[in-house]
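In the numbering used here, the protein residues as written are 21 to 567.
Idealized CB from N, CA, C, for every residue including glycine.
See structure below.
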Amino acid sequence: MPQSFSSTSSRISSALIKVNDMKKIMRFASLFLMLCALASCGGVPAQTDPVTTEPPATEPPKPEIPFILTGSAVYKDGNLTCERGPGGISFALMENGCTDSFRLSCEIVIKSPGIGGVMLFSDGEANGIYLAADYGEQAVSLYRVENSMREQLGRRKCTFERDTRIPIIIDYNNGILKLYFNENPLDADPYPKFELNARIIAAKLKNTGIGFRMGNGIADFYNVSITEAAEEYDGKTYANPVVEGADPDVLFYNGTYYLYQRKGSGNDIFSVRTSKDLVKWSDTKVMYRKDDDSPLSGFMSPNVFHYNGKFYLVFAAKHPDVGNHTLWCAVSDTPDGMFKHATGKPVPIHNDKLVAEIGGHPYVDPDTGKLYLSLVRFGGGNHIWLEEYNIVNDQLVPVKDTLTWCISPTETYEIDEFGKISEGGVILKHNGYYYMIYASGHYKGHYGEAYAVAKDILGPYTKYVNNDILTYTAHMDGCGDAIFTTSPDGKELFFVYHIHSVVGNQGSSRMTCIDRVKFVPDPNGGPDILTVYGPTNTPQPRPSTQP
21 MPQSFSSTSS
31 RISSALIKVN
41 DMKKIMRFAS
51 LFLMLCALAS
61 CGGVPAQTDP
71 VTTEPPATEP
81 PKPEIPFILT
91 GSAVYKDGNL
101 TCERGPGGIS
111 FALMENGCTD
121 SFRLSCEIVI
131 KSPGIGGVML
141 FSDGEANGIY
151 LAADYGEQAV
161 SLYRVENSMR
171 EQLGRRKCTF
181 ERDTRIPIII
191 DYNNGILKLY
201 FNENPLDADP
211 YPKFELNARI
221 IAAKLKNTGI
231 GFRMGNGIAD
241 FYNVSITEAA
251 EEYDGKTYAN
261 PVVEGADPDV
271 LFYNGTYYLY
281 QRKGSGNDIF
291 SVRTSKDLVK
301 WSDTKVMYRK
311 DDDSPLSGFM
321 SPNVFHYNGK
331 FYLVFAAKHP
341 DVGNHTLWCA
351 VSDTPDGMFK
361 HATGKPVPIH
371 NDKLVAEIGG
381 HPYVDPDTGK
391 LYLSLVRFGG
401 GNHIWLEEYN
411 IVNDQLVPVK
421 DTLTWCISPT
431 ETYEIDEFGK
441 ISEGGVILKH
451 NGYYYMIYAS
461 GHYKGHYGEA
471 YAVAKDILGP
481 YTKYVNNDIL
491 TYTAHMDGCG
501 DAIFTTSPDG
511 KELFFVYHIH
521 SVVGNQGSSR
531 MTCIDRVKFV
541 PDPNGGPDIL
551 TVYGPTNTPQ
561 PRPSTQP
């Protein structure tokens, strides 16, 4: 058709015609072209798409997976699933996640029993700092892993369920690593399970990856994110230990803390230190001195309480007739002594000199005003008893038929190579329940602090399922023999306890520490749960002093 159109145009343009005839010729030519188009297309001309220069459409790019996956690890819809398969552990590595300051947040769901968690400063499953949740043991552990060899840095018992999302938050800032595993949904402001200075470990590992792993089971990881670490506390801090000494007992009276210790020489038996803030302590002052003609020896564990305007000292020492330890008391008008025996000579609290006992921690019930002592007696281990007392002529007198057995060492955390030991019972009343904290295991071993709860002060006491609540780490050993005290303003609750001055010295010398404790609701109902922020040797906010 274009060829016919060209020949016709040529003939028209070559003719010698008048200008007036040109319009007629042009109308004819247009009609001719239209008829030709109709003949060619068989009807009305079809509409055509406009011409475009854009490239042809392609499929959208697939999202990049931010993990290197090994084993049976799967990444889908922003979430991870790690399942141990025939080839071994499932592992997902996020490269370059660890910086000088970061916060890792995620939720872990244990779907099948096993051990799973998060590895920091990792280049794979063989190296890193590993926070591991063990469903079978119902515990969370922290390991240093190097060339697949594990060194346990700490372990905490905790109860968590399958198919339940458990938040994990890990903060790393200025070398301090805080690891949270919050299995209790009712704890709105949880303490970290572990806190340590990890700068040296991280530098030695020389890796920046974050790994997610699962062995012998299936775990899902949801909502994985990395953000800036929480801001550092910019107020005044302290770091444990705060003072030297073992078996601490603290009395808070008229704005001053009095710390009583078995520290002295010769006839200077017990001493006292004072503090206004639980952190800075005075030098020691002798508060109980043995008379030259006193028959007592083997002094242990001074405990002081205020009652009806006077201060009473209870301690254990060997009975001169039989050599057994038993309980004795002395009295003073001031909390820093001197403490003297009311009769001028030491008189045992119990008349049966054949009974061996130690301890003697006092408790005055805030509701009844009654006075009790916790004490330890022996026979197949160390057992905790409670007894009510009256004070007659400044001497403690047992109330007849009130001596009651409370706790015996029956659990694995109470039994070690040195024996079966539950000792150092200390009572605090909270929300209608009596909480007895006590030392578990031998002080030469790892030691620890456990607790039991009763509705009545004399029991029966039920041990907390996740004892010990204060236990050793790779950097702090022999943690135990704790007592309760409050911050200067009464708003915070603290443990005062001792540790081995050097890890591995079996308690040949010990140091005194303080750490925060609190009560949180039990998601299963029942008494609140007592939980500890510690043991710590990292900087902590000083006890609050706000009015």
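Is the closest heavy atom of the ligand COA to the C-beta of residue i under 8 Å?
| i | result |
| --- | --- |
| Asn328 | The ligand COA is absent from the structure shown, which contains no ligands of any kind. |
Can you give me the C-alpha to C-alpha distance between residue i and residue j, rounded to a whole angstrom?
| i | j | result |
| --- | --- | --- |
| Ile573 | Leu478 | Since the first and last residues shown for the chain are 21 and 567, residue 573 lies out of range. |
| Leu347 | His370 | 7 Å |
| Ile411 | Gly137 | 56 Å |
| Arg123 | Thr228 | 13 Å |
| Lys420 | Tyr409 | 9 Å |
| Gln158 | Gln172 | 16 Å |
| Gly329 | Val351 | 11 Å |
| Ile289 | Arg309 | 6 Å |
| Val516 | Gln415 | 28 Å |
| Ile190 | Val485 | 26 Å |
| Tyr492 | Thr505 | 21 Å |
| Gly524 | Asp497 | 7 Å |
| Ile186 | Phe201 | 7 Å |
| Val396 | Ser442 | 8 Å |
| Phe514 | Gly174 | 21 Å |
| Val375 | His462 | 21 Å |
| Asn274 | Pro561 | 23 Å |
| Leu279 | Arg233 | 47 Å |
| Gly318 | Lys440 | 22 Å |
| Lys296 | Pro86 | 53 Å |
| Pro322 | Ile404 | 17 Å |
| Thr430 | Asp436 | 11 Å |
| Leu140 | Thr257 | 27 Å |
| Pro268 | Gly500 | 10 Å |
| Leu298 | Gly510 | 12 Å |
Measure the CB-CB distance between residue i and residue j and report whether it falls below 9 Å.
| i | j | result |
| --- | --- | --- |
| Gly445 | Met456 | yes |
| Ser528 | His520 | yes |
| Gly148 | Leu197 | no |
| Val244 | Gly98 | yes |
| Pro366 | Pro315 | yes |
| Asp353 | Lys373 | no |
| Gly231 | Ser142 | yes |
| Val263 | Thr532 | yes |
| Arg170 | Val160 | no |
| Phe180 | Tyr150 | no |
| Gly468 | Tyr433 | yes |
| Asp548 | Leu490 | no |
| Asp240 | Lys131 | yes |
| Ala472 | Thr482 | yes |
| Pro382 | Phe325 | yes |
I'd like the span of the alpha helix (DSSP H) that includes residue i, first residue to last.
| i | result |
| --- | --- |
| Ile221 | 219-225 |
Throw me the rounded Cβ distance for the residue i and residue j pair, which I believe falls under 8 Å.
| i | j | result |
| --- | --- | --- |
| Ala470 | Tyr458 | 6 Å |
| Val129 | Asp183 | 6 Å |
| Ala259 | Thr558 | 7 Å |
| Phe335 | Met320 | 7 Å |
| Gly237 | Gly134 | 2 Å |
| Thr276 | Arg293 | Their Cβ separation, rounded to whole angstroms, is 11 Å, which puts Thr276 and Arg293 out of contact at 8 Å. |
| Asn217 | Gly235 | Rounded, the Cβ-Cβ distance is 28 Å, inconsistent with contact. |
Give the range of the beta strand (DSSP E) segment to which residue i is assigned.
| i | result |
| --- | --- |
| Pro187 | 186-193 |
| Lys449 | 442-450 |
| Asp269 | 269-273 |
| Gln158 | Neither: Gln158 is in no beta strand (DSSP E) and is coded neither H nor E. |
| Lys198 | 196-201 |
| Lys420 | Here Lys420 belongs to no beta strand (DSSP E), and DSSP marks it neither H nor E. |
| Ala376 | Run containing Ala376: none; DSSP gives neither H nor E here. |
| Glu181 | Where Glu181 is concerned, there is no enclosing beta strand (DSSP E), given that its DSSP letter is neither H nor E. |
| Phe504 | 500-506 |
| Ser460 | 453-460 |
| Thr101 | 99-103 |
| Phe602 | The structure shown has nothing for residue 602, since the chain only spans 21 to 567. |
| Phe111 | 110-114 |
| Thr294 | 288-295 |
| Trp581 | Since the first residue of the chain shown is 21 and the last is 567, residue 581 is not available in this structure. |
| Asp154 | 147-154 |
| Thr90 | 88-90 |
| Arg282 | Careful: Arg282 lies outside any beta strand (DSSP E) and carries neither H nor E. |
| Asp311 | Careful: Asp311 lies outside any beta strand (DSSP E) and carries neither H nor E. |
| Leu391 | 391-398 |
> Unbroken beta strand (DSSP E) runs of length 3 or more, entirely within the stretch 317-361: which are they?
Replying inline: 317-327, 330-338, 345-352
> What runs of the beta strand (DSSP E), each 3 residues or longer, lie entirely inside the stretch 531-567?
Replying inline: Segments of the beta strand (DSSP E) lying fully in the stretch 531-567: 549-552.
>> I'd like the ranges of any beta strand (DSSP E) spanning at least 3 consecutive residues and lying wholly in the stretch 230-273.
In response: 238-247, 269-273
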